[in-house]
Amino acid sequence: MSKPIIATTSLAGCFGCHMSILDIDDRILQLIELVEFNKSPIDDIKTFTKQCDIGIIEGGCCNSENVHVLKEFRKNCKILISLGECAIMGGLPAMRNGIPVKECLEEAYWGGPTVGLNTEKIMPNDPELPMILDKVYPCHEIVKIDYYLPGCAPRADLIWAAVVALVTGDELNIPYELVKFD
Amino acid sequence: MSETVKFTIDGKECIGKKGQYIVDAAAENGVYIPVLCHMKDVIPAGSCRVCTVKANGRNMAACTSPVEEGMSIENNTAELLDIRKAIVEMLFVEGNHFCPACEKSGNCDLQALGYKYQMMVPRFPYVFERRNIDATTPKIFLERNRCIFCKRCVRMIKDAEGRSIFAFKGRGETLEINIDHKLAANMTDEMAQLAMDICPVGAILRKEVGFNEAIGTRKYDKKVIGSDIENNHQ
Amino acid sequence: MKEKISRIVENFGNDAARLMDILSEVQSEYGCVSCEAVSAIAENLHISEVDVIQTRSFYHFFTEEQVGKYAVYLNNSVVSCMNGMSDVADEFQKQLGVKFGQKTADGLVSLHYTACIGMSDQEPAAIINDVVFTSLTRNKVAKLVADMRAGKAVNDMVTEFGDGNNANPIVRSMVKNNIMKTGPVVLDAYEVGLGLSKALGMDSKAVIKEVLDSGLRGRGGAGFPTGMKWEFCSREAGDHYVMCNADEGEPGTFKDRVLLTERASMVFEGMAIGAYAIGAKEGVLYLRREYKYMKALLENVLTEMRSENLLGNNILGKGFNFDIRVQFGAGAYVCGEESALIESAEGKRGEPRNRPPFPAQKGYKGKPTIVNNVETFCAAARILDRGAAWHKAIGTPESSGTKVLSISGDCNAPGVYELPWGMSISEMLTMVGASDVQAVQVAGPSGICLPPAQFDRKIALEDLPTGGSMIVIGNKRDLLKDVVLNFMEFFADESCGSCVTCRSFNMILKNSIEKVVEGHGITKDIDDMSAWSEILRKTTRCGLGQTSSNPITTTIKNFRPLYDARVKNVEYQSDFDMSKAVVESCAVVGRSAEIHE
Chain H
1 MSKPIIATTS LAGCFGCHMS ILDIDDRILQ LIELVEFNKS PIDDIKTFTK
51 QCDIGIIEGG CCNSENVHVL KEFRKNCKIL ISLGECAIMG GLPAMRNGIP
101 VKECLEEAYW GGPTVGLNTE KIMPNDPELP MILDKVYPCH EIVKIDYYLP
151 GCAPRADLIW AAVVALVTGD ELNIPYELVK FD
Chain Z
183 MSETVKFTID GKECIGKKGQ YIVDAAAENG VYIPVLCHMK DVIPAGSCRV
233 CTVKANGRNM AACTSPVEEG MSIENNTAEL LDIRKAIVEM LFVEGNHFCP
283 ACEKSGNCDL QALGYKYQMM VPRFPYVFER RNIDATTPKI FLERNRCIFC
333 KRCVRMIKDA EGRSIFAFKG RGETLEINID HKLAANMTDE MAQLAMDICP
383 VGAILRKEVG FNEAIGTRKY DKKVIGSDIE NNHQ
Chain F
417 MKEKISRIVE NFGNDAARLM DILSEVQSEY GCVSCEAVSA IAENLHISEV
467 DVIQTRSFYH FFTEEQVGKY AVYLNNSVVS CMNGMSDVAD EFQKQLGVKF
517 GQKTADGLVS LHYTACIGMS DQEPAAIIND VVFTSLTRNK VAKLVADMRA
567 GKAVNDMVTE FGDGNNANPI VRSMVKNNIM KTGPVVLDAY EVGLGLSKAL
617 GMDSKAVIKE VLDSGLRGRG GAGFPTGMKW EFCSREAGDH YVMCNADEGE
667 PGTFKDRVLL TERASMVFEG MAIGAYAIGA KEGVLYLRRE YKYMKALLEN
717 VLTEMRSENL LGNNILGKGF NFDIRVQFGA GAYVCGEESA LIESAEGKRG
767 EPRNRPPFPA QKGYKGKPTI VNNVETFCAA ARILDRGAAW HKAIGTPESS
817 GTKVLSISGD CNAPGVYELP WGMSISEMLT MVGASDVQAV QVAGPSGICL
867 PPAQFDRKIA LEDLPTGGSM IVIGNKRDLL KDVVLNFMEF FADESCGSCV
917 TCRSFNMILK NSIEKVVEGH GITKDIDDMS AWSEILRKTT RCGLGQTSSN
967 PITTTIKNFR PLYDARVKNV EYQSDFDMSK AVVESCAVVG RSAEIHE
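Protein chains in written order, with my numbering: chain H, 1 to 182; chain Z, 183 to 416; chain F, 417 to 1013.
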C-alpha cells in the first residue's frame, strides 16, 4: 500500500503551527516513513502534483488569496485539518473583526507609528495584491473541515498523536495537557 | 446545629446541610459540578447555567437550588455533559475570546472548562461582535470582549458605602458590563486585585502588572478544573 | 436641571425603590435620561451611577439620547406587519425624511419601533407621547405628520374616540374595545362591591377555600391554581402584598387592556379580596407603559372606590385596611414574569429571580406576595359574589370558568371574546370569521403554532393552555419569515440577558432562522435548531427562555415541509460570498469588487 500523502499550508497565520509540526523533533524521521509530503512549505512543493489524503491548514482566511488556497486544498485533499487557533477561529488576526476594514487599513498604512514616510497617504493597490476580506474567517466557514487541533501553537505531541492516529486508524486519546488554546 | 439531609449524586450517597445549595453540598462530598458565576458564600446569580443538573428529574441550576432530603441528582450524564460543553462553546462564540492574547490564559475558568470538555471547535457560528474596551479608570481595564456576564463583579465589588462599581447595562443582545467611573477612580489596589481575581475570565485586568506566571506553571496548565474538589474526598 | 431632578427624587421619598417612577418623570420632562440626569439621580439617591444606568437601559421607553418632541413608537409585531405596518413605516420615513431609529434634524420627531403594544385588533398602531393611534394608514400618517409640524398637542391629534370608557372625557382615546362576545364571569353585567362585601363577611381561610373550590387557575397562561397560591402565601409570617400583573406583553394579547378599561373596579375588588385572604394592606397594579393612556381612568376608579369605602381604611366597616397604587413599567416583555415584575416594581432591572424562594414566600420588598393576572382578579371578584360551585360548573372539569381571548390576525372580527374553556380551535375560527387558515398561533410567540390538522383541539389548560393570545395566520402568509423570524427577533431583544443561555441562544437561533429564511440553510441547520432549542429550554431560569424557542420548535414539528422547501439537502454549504466580503476593502482602495477567485 502506498503511503498517505500530506499537504500543508499557512494562510493568515504566523507559521507558528508549522514550527510546532517541526517540533516533533526526531519523530520527523518516523513521519517520513509513515507519509509522503506534497504541496507544503516543509518540502517547498508549491503546487499540488497529485491528490492528497490529508491537508493541514494553519491560519484563517483574511484575504481573497487565502480563500483561493483553502478551496484548492479542499479540492485536492480527502481530509482537511484546521491546525491551531487561527484556522479554527481566526485567531489573533480576527481581533480586527468587528472593526470596519477602512479603519483597519487606514491605521495600518496611514496612522500607525511605523508608516511616517507614507505622507502622501498611499493605499497599496497593486493588482497582484489580494483583497482584504470584511473579517477574518475561520476555515470551516469557507469549506468543510474534518478535524480540528487547537492551540497557539498546537502542541507538537498533539499534532503527532493526531496524524499517527489518522494514518494508522488507531483511536485518538488525547491527554489533558495537550488540548490548549494558547 | 443545622439539620442534615441525605441525597444522592449519580448514585453516590451524600450528606449536606438543609438549605445548602446543591453545588456547595456536592463539593463537600467530593463531587465537582462546574460553575462560572457561582462563588461560595456569595449570593448566587444563577446566570451561567453551566452547573445545570437534573434533580428529581427536573433540570435546575445547582448554584441556586438547595438540596432536599432524598433528592436524586444527576450530574455526570452524557446529556448534561453535552449541555455544559454546549454552553462553554456558546460562550466562546458569542464573545471574542482570543486566548493567546489574554493575560488570564491558563488561569481562566472558561478556558479550563473548554479544556476539561476537550472543546476542539465550537458547534455554533462565531458572532464576532464588536465590544468596547474601557481603559479609562486608573486601576483596571474592562475588556468587554471577554465578559461572560457572570455578575461576580456586580455582586462582590462595592465601594466603602456599599455602592456598586460594576453593573449591567442594556438587555438581550445589547447587554454589556458597565463600570462606574467616579467610584472606580477611588478603587484601591486591593479592590482591583480582588476584581481581577474573581473574574472567571480576562474581562477585568489590573493595569501595570501582569504576565507573572510562566506557561506550564499556571493554574490549569496541568490540572483539570475541579480536580481539587474531586481529589480531596477520595 | 439638578434642582428639578432633586425635586422629582424627593417627590418619591428619595427612595431608590421608586427609581422606575423617577426615571419615568425625568424621561417625560427632558425627553431622555441623559448622563447629567443620571448623575443627579445617583447623587440624590446616594447610589452609584451604574445602578441608575442599569435600570434605565433595561427599559426601552427610557432613553439616553433625547427623543423627538414627538416620539413615535410604531408597533412592529407580527399582527401589525400583517396589517400593513411596512407601508405606515414607509410613509413616516418619507414624510419626515428620517429612518426609524432616527430623529429629525430640528428635533421635532423621532421614529422608533416597539414590540406589541396590545392593539392587535386595530393595527397598525403607534404610541406618540403616551397617546395611542390605531388603524394607521398612509393618509393618517400624513395627517399626523402635518399636525406634529403644526405643533399640535398630541391629545388634540385624536379626532375620533373609541367606545365605552375610551370615550370618557378623562381618557379621550381612539382605542376601541372590540368586545365581540361577553361571558358570565368577567364581561357580564357587574356591580362593584358584591364580591368584596361577601368576602369580608367570611373568615379569610374560607375566602381562600372558596377560590380553591371554584377551580380558578391563573389566567396569565401558566394556569397555577389561584387558591393554592393564596393559601401558600397566607401561611407566611409578616407583611403581605398583593400585586396585579397588568404587564400584558405577549404579542397578540390585548384583553387586559379591555378589562382595565371596562372592569377596573372589578380588578381592584379582586385585589382587595386577595388582600383580605392573605392578610395584605398594600397592593400594586403593575401596568405596562404602553397603557399609560388609562392612567387617569384608573386613578379615578381608585378614588371612587375609596370614597365608596371599598378601598382605604376600615373597608365596608369590617376593620380591613387595604389600598392600591399603580406602578408603570417602561417597556420590557420579561416583566410579565412575576418575579421580574416584582424586581421592576422595586426600581430595578426586570430580571427574573432565582427560585426558591417563590414570591408567595419572598416577593415584593422581600415579603410574601401574591401576583395574579388582571383577569384572575376579575374572576375572583365574581366567584366571591356567585360562589365556587357556580364557577366550577362553567368550562371543563380541569379548567373551570371562562377565558377572555384576544383574537387577531387574518380574521373578519378581531377582538375580545369571553368563552367558557373547552371550545375547539375550529369552532373559534368559525366564530371569528376566519377561512383559508394556515395556522393559529396559540398563546402568542411563547405558545405553539398549530396546524389545521389539530384544529379540533380544545382551548383548555389540559389541552391548549393560553393567556389569551390567538393569532390567526392565513394561507397567504410566509410563516417562517412573517411569523417565526419576527418572533425570534422579539425574543432576542426581550431576553433580560441574565441567563447567558437565554441571551445567546435566542440570538444564535434568530441568526439560524434568518439564514434558513434567506435561503442559505441546509438540512443540518434544522436539526441544529432543534437541538439548540432543547439546550435553551433546559438551562434557563424563567419561562421566557423555556418557551422562546417554541416558534422554531413548534413549526419544525408542525410545518416541516416549509423548512425542507427552503434548505438544501447537502452535508455542507458555506455562506461565504467573496464579492460581498471584499466590497469594503475594494471601496477603500478604489478597485472594482469583481474579483476572480
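Here a beta-carbon is modelled for each residue, glycine too, at the ideal position from N, C-alpha and C.
Report whether the distance from the Cβ of residue i to the nearest heavy atom of the ligand ATP is below 7 angstroms.
| i | result |
| --- | --- |
| F/E698 | Ligands displayed in this structure: none; no statement on the ligand ATP is therefore possible. |
When DSSP labels each residue in this structure, what does residue i get in the three-state scheme?
| i | result |
| --- | --- |
| Z/L387 | strand |
| H/G90 | coil |
| F/E878 | coil |
| F/H528 | strand |
| Z/F310 | coil |
| H/T9 | strand |
| F/I972 | helix |
| F/A748 | coil |
| F/I533 | coil |
| F/D739 | strand |
| F/V933 | helix |
| H/V136 | strand |
| F/N922 | helix |
| F/L703 | strand |
| Z/C335 | helix |
| F/M596 | strand |
Can you name the start and end residues of the beta strand (DSSP E) that residue i belongs to?
| i | result |
| --- | --- |
| F/T818 | T818 to G825 |
| F/T956 | F/T956 -> no beta strand (DSSP E), and no H or E assigned at all. |
| H/L83 | C77 to L83 |
| H/I56 | C52 to E58 |
| F/T520 | Careful: F/T520 lies outside any beta strand (DSSP E) and carries neither H nor E. |
Bridge partners for residue i per DSSP, in chain order?
| i | result |
| --- | --- |
| F/P836 | F/T818 |
| F/Q857 | F/C865 and F/I887 |
| Z/I322 | Z/R388 |
| F/P641 | F/R633 |
| Z/P248 | Z/Y203 |
| F/K984 | F/I938 |
| Z/K188 | Z/I197 |
| F/T785 | F/Y657 |
Give the range of the alpha helix (DSSP H) segment to which residue i is assigned.
| i | result |
| --- | --- |
| F/A453 | C451 to L461 |
| Z/R423 | Because chain Z in this structure spans residues 183 to 416, residue 423 of chain Z falls outside the shown range and cannot be described. |
| H/G16 | G16 to L22 |
| F/F508 | M501 to L512 |
| Z/H220 | Here Z/H220 belongs to no alpha helix (DSSP H), and DSSP marks it neither H nor E. |
Below 6 angstroms CB to CB, which residues in the same chain sit around residue i once its five sequence neighbours on both sides are set aside?
| i | result |
| --- | --- |
| F/S422 | N460 |
| F/D672 | A662, E664 and V790 |
| H/T8 | S40 and I56 |
| Z/V232 | P216, L218, R266 and I269 |
Going along the chain, which residues of its own chain have a beta-carbon closer than 7 angstroms to the beta-carbon of residue i, five neighbours each way excluded?
| i | result |
| --- | --- |
| F/R679 | V602, Y606 and C794 |
| F/H1012 | At F/H1012, the pLDDT of 49 sits below 50, so the modelled position is not reliable and the matter cannot be decided from this model. |
| H/C139 | I57, G60, C61, L70, S82, A87 and I145 |
Leaving out the 5 sequence neighbours to the left and right, which residues in its chain are closer than 8 angstroms to residue i when beta-carbon positions are compared?
| i | result |
| --- | --- |
| Z/Y308 | V275 |
| H/P150 | G84, E85, I88, V179, K180 and F181 |
| Z/E285 | G384, L387, G392 and F393 |
| Z/T319 | I361, H363, A366, A367 and M369 |
Cβ contact (3+ pairs, closer than 8 angstroms) linking the segment 542-556 of chain F and the segment 567-587 of chain F: yes
Cβ contact check for the segment 892-901 of chain F and the segment 978-986 of chain F: 3 or more pairs under 8 angstroms: yes
The segment 788-798 of chain F touching the segment 599-611 of chain F, judged by at least three CB pairs closer than 8 angstroms: yes
Three-pair Cβ contact test at 8 angstroms for the segment 64-76 of chain H versus the segment 95-105 of chain H: no
Segment contact flag, the segment 996-1009 of chain F with the segment 119-131 of chain H, C-beta cutoff 8 angstroms, min 3 pairs: yes
Touching by the beta-carbon criterion (3+ pairs, under 8 angstroms), the segment 823-837 of chain F and the segment 874-893 of chain F: yes
Segment contact flag, the segment 345-363 of chain Z with the segment 465-480 of chain F, C-beta cutoff 8 angstroms, min 3 pairs: yes
The segment 680-690 of chain F touching the segment 840-854 of chain F, judged by at least three CB pairs closer than 8 angstroms: no
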